[in-house]
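Residue numbers (mature numbering (1 follows the signal peptide of the UniProt record, and there is no 0)): -24 to -1, 1 to 281. Worksheet for the structure shown next.
Shown next, in the form of structure tokens:
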């Protein structure tokens, strides 16, 4: 590659020599092109500026689609056609389908509605929602809020839609979105104010969701808060939270309905030689034969008799 660049620079130098009658290697254009070939763009820019060739430096950046560098240079030098350059940049962004970048630029310029339109066209309702929530004028525009909320819902970004609705005090819509998103902490916080009766159901839904996600340990307390002791027991057993399971099973009045769990817990405590706990469980469940067999197998005949 080095040979290729060297050859190209030599050819360029020869061309300049033929055209101008001077040594091409002493020509700033050759130096600039050599810097470009080595991807030393700032060096090439410096060479052009030393020769008072601002337009050449700007053209270089435009050809390379380095618009940020071109605009920064034009602004630094107070270029009279800075706005024209900005327009050309924006046109290029839109033609190349870079709506997000166009939106970022318009947002920085303070043109929030145009930025919002770019974000929505780019299929980025999250950015649109962030912009709306940080801008009072946009937030007070019902049409804009509705448009952004619709885009969020269409993209199934329910939690973010809920945040937007909550920001404009549409708490019922926010609650619906949080619930659909399974954003349970936010849904429960709202429910305490608008529909307290839903809190218990939400706690159970949260527990069910955690169980489906194999987070049995985390589900236990939510089932307890929901008053679903059997589900709490099943989660505790599934999570091998044996002592917690013992605490829970003792408050369940329907012993017949959880006999299998009494037996399972009893076997666990027998295996760990916690005979006292196992005995208590067997006796509560009316499983007297199991209790006797446990002590016989452990050689504790004096307790049996």
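Cβ coordinates follow ideal geometry from the N, Cα and C atoms, glycine included.
Residue i to residue j span [Cα, whole Å]
i, j, result
"residue 147", "residue 72", "40 Å"
"residue 35", "residue 138", "48 Å"
"residue 221", "residue 228", "11 Å"
"residue 190", "residue 167", "26 Å"
"residue 180", "residue 208", "10 Å"
"residue -2", "residue 33", "Caution is warranted here: a pLDDT of 44 is assigned to residue -2, below 50, making its placement in the model unreliable, and no coordinate value can be reported."
"residue 122", "residue 130", "12 Å"
"residue 83", "residue 90", "8 Å"
"residue 270", "residue 204", "31 Å"
"residue 252", "residue 275", "15 Å"
"residue 74", "residue 144", "30 Å"
"residue 54", "residue 44", "15 Å"
"residue 41", "residue 57", "18 Å"
"residue 52", "residue 163", "51 Å"
"residue 48", "residue 76", "20 Å"
"residue 120", "residue 104", "10 Å"
"residue 236", "residue 198", "23 Å"
"residue 159", "residue 219", "30 Å"
"residue 246", "residue 254", "6 Å"
"residue 264", "residue 155", "47 Å"
"residue 170", "residue 85", "40 Å"
"residue 136", "residue 184", "23 Å"
"residue 125", "residue 142", "11 Å"
"residue 273", "residue 178", "46 Å"
"residue 23", "residue 98", "39 Å"
"residue 153", "residue 195", "22 Å"
"residue 240", "residue 187", "20 Å"
"residue 39", "residue 140", "42 Å"
"residue 96", "residue 161", "29 Å"
"residue -22", "residue 15", "Residue placement at residue -22 is poorly supported in this model, since its pLDDT is 42, which falls under 50; the coordinates still yield a value, given next. Going by the C-alpha atoms only, they are around 16 Å apart."
"residue -24", "residue 18", "Interpretation of residue -24 is limited by its pLDDT of 44, a score under 50 that renders its predicted location unreliable; no figure is taken from the coordinates."
C-beta contact flag for residue i and residue j at 8 Å
i, j, result
"residue 202", "residue 176", "yes"
"residue 111", "residue 88", "yes"
"residue 242", "residue 258", "yes"
"residue 300", "residue 46", "Absent from the structure is residue 300, since the part of the chain shown begins at -24 and ends at 281."
"residue 115", "residue 109", "yes"
"residue 173", "residue 133", "no"
"residue 92", "residue 107", "yes"
"residue 261", "residue 231", "yes"
"residue 193", "residue 217", "yes"
"residue 66", "residue 50", "no"
Where the alpha helix (DSSP H) through residue i begins and ends
i, result
"residue 225", "218 to 225"
"residue 136", "134 to 143"
"residue 126", "118 to 130"
"residue 237", "235 to 247"
"residue 108", "101 to 109"
"residue 90", "88 to 97"
"residue 273", "264 to 273"
"residue 170", "160 to 170"
"residue 148", "147 to 157"
"residue 173", "Per DSSP, residue 173 belongs to no alpha helix (DSSP H) and is neither H nor E."
"residue 284", "Nothing can be reported for residue 284: it is not among the residues displayed for the chain, which extend from -24 to 281."
"residue 214", "205 to 214"
"residue 67", "58 to 71"
"residue 201", "192 to 201"
"residue 50", "43 to 52"
"residue 30", "30 to 39"
"residue 254", "251 to 260"
"residue 113", "112 to 115"
Any chain C beta carbon closer than 8 Å to residue i
i, result
"residue 117", "Here chain C cannot be found, since the structure has a single protein chain."
Check: residue i C-beta below 7 Å from any heavy atom of the ligand COA
i, result
"residue 159", "Absence of the ligand COA from the depicted structure is noted, as is the absence of any ligand whatsoever, leaving it without description."
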